[in-house]
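In our numbering, the protein residues as written are 118 to 427.
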């Protein structure tokens with residue numbers, strides 16, 4: 118009787134030990150600086166230009182500064198940016214008087230023809246897109262825009278915009294790219310399929326090969342993976358990839374505990390052969406470690422390769 122009780126408590130002991138180890142590792146204090154962590158970004162893709170025209174692009178800010186970027190104040194000469202590679206263009210942006218009172222933060226990009234520019238470090242929010250065309254001494258400016266996600270991407274189509282009129286200031290329309298794109302759905306589908314394949318393969322190696330066992334494992338895995346991917350997408354949308362990866366891993370800890378309990382309670386019922394609880398818990402641990410690693414690698418590859426960078 119005592120031996121039976123001891124055997125029943127084995128999975129619980131294993132879970133407690135694992136969580137103590139994880140909690141200890143995560144509780145170790147790591148010195149951080151105030152500037153550590155991911156930063157939001159704004160990507161603007163400009164199309165519709167007539168050939169390989171040269172123009173300059175910037176984002177105007179509602180506030181006078183953001184991060185290391187700030188506007189130039191004539192009463193404070195020290196507020197001028199230390200190194201200005203193209204002072205004439207810098208002066209054009211400084212002299213631009215925005216009707217909504219938005220500021221040029223002494224940060225701009227030279228562009229040639231259709232292409233994209235990225236403000237990846239403390240971009241202003243809200244902001245306006247401002248383009249300057251030196252060949253015509255003309256500007257094109259957007260309405261006020263607010264970032265819709267951590268890494269926001271927009272498109273500007275200059276087709277039909279009269280920016281070639283000398284000395285003119287034209288209005289432009291800035292469109293956000295799809296917030297939930299087809300590539301996001303494909304990304305989730307691939308990750309769920311990958312982790313399901315891994316967990317079933319590990320189950321086969323742990324001698325869980327009966328049809329009902331595999332079906333149960335598949336149902337549990339798909340359910341938990343959908344939950345984990347919902348967490349991943351939510352935090353990717355609001356905090357970027359690295360924040361989402363942290364919460365994906367933390368969610369995996371809870372998923373491991375949940376799956377271990379479900380497998381201990383039900384896998385034996387679908388087995389014609391005796392199965393020990395420690396083996397079931399060991400399976401849940403190995404399967405979740407491998408599937409979590411595969412999921413994070415998949416998410417990182419999407420982050421690197423996707424056109425949106427989301």
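Cβ atoms here follow ideal geometry from the backbone N, Cα and C, with glycine treated the same way.
The C-alpha of residue 191 lies about 16 Å from the C-alpha of residue 201. In the DSSP annotation of this structure, residue 214 is not part of any beta strand (DSSP E), being labelled neither H nor E. Note that the region 318-336 does not touch the region 284-292; fewer than 3 beta-carbon pairs, one per stretch, sit closer than 8 Å. Pairwise C-beta distances place the region 309-323 out of contact with the region 364-373, as fewer than three of them are shorter than 8 Å.
Taking a C-beta distance under 7 Å as the contact criterion, residue 312 and residue 281 do not qualify as a contact pair.
Here the alpha carbons of residue 404 and residue 316 stand approximately 5 Å from one another. Taken through DSSP and simplified to helix, strand or coil, residue 252 comes out as coil. Annotation for residue 302: the continuous alpha helix (DSSP H) segment containing it runs 299-322. Taking each of 167, 169, 178, 165 in turn and checking the Cα distance to residue 159, the smallest one comes out for 178. For residue 227, the enclosing beta strand (DSSP E) has its first and last residue at 226-229. Within the same chain, Cβ atoms closer than 8 Å to the Cβ of residue 375 are found at 341, the five residues on either side in sequence being excluded. Going by DSSP, residue 397 is part of no beta strand (DSSP E) but of the alpha helix (DSSP H) stretching over 394-422. Between residue 365 and residue 250, the CB-CB gap reaches or exceeds 7 Å. Around the beta carbon of residue 193, fewer than 16 other beta carbons lie within 10 angstroms, which makes this residue exposed. Non-local C-beta neighbours of residue 358 in its own chain, meaning closer than 6 Å and more than five positions away in sequence, comprise 420, ordered along the chain.
In the DSSP assignment, residue 161 falls within the unbroken beta strand (DSSP E) covering 158-164. Under DSSP, residue 187 takes part in a beta bridge, and its partners are 182. Here DSSP, grouped into helix, strand and coil, assigns residue 293 to strand. Shown here, residue 365 sits in a helix according to DSSP, grouped into three states. The three-state reading of DSSP puts residue 246 in strand, counting E and B together. With fewer than 16 other CB atoms across the displayed protein chains lying within 10 angstroms of its CB, residue 386 is exposed. According to DSSP, residue pairing for residue 287 in a beta bridge involves 257.
Burial is judged here by how many other beta carbons sit within 10 angstroms of a residue's own beta carbon; residue 346 has at least 16 and is buried. Rounded to the nearest whole angstrom, the CA to CA distance from residue 406 to residue 333 is 19 Å.
Residue 275 sits in coil when the DSSP states are folded into three classes, being neither helix nor strand.
Contact between the region 266-281 and the region 214-225 is absent: fewer than three C-beta pairs spanning the two stretches fall below 8 Å.
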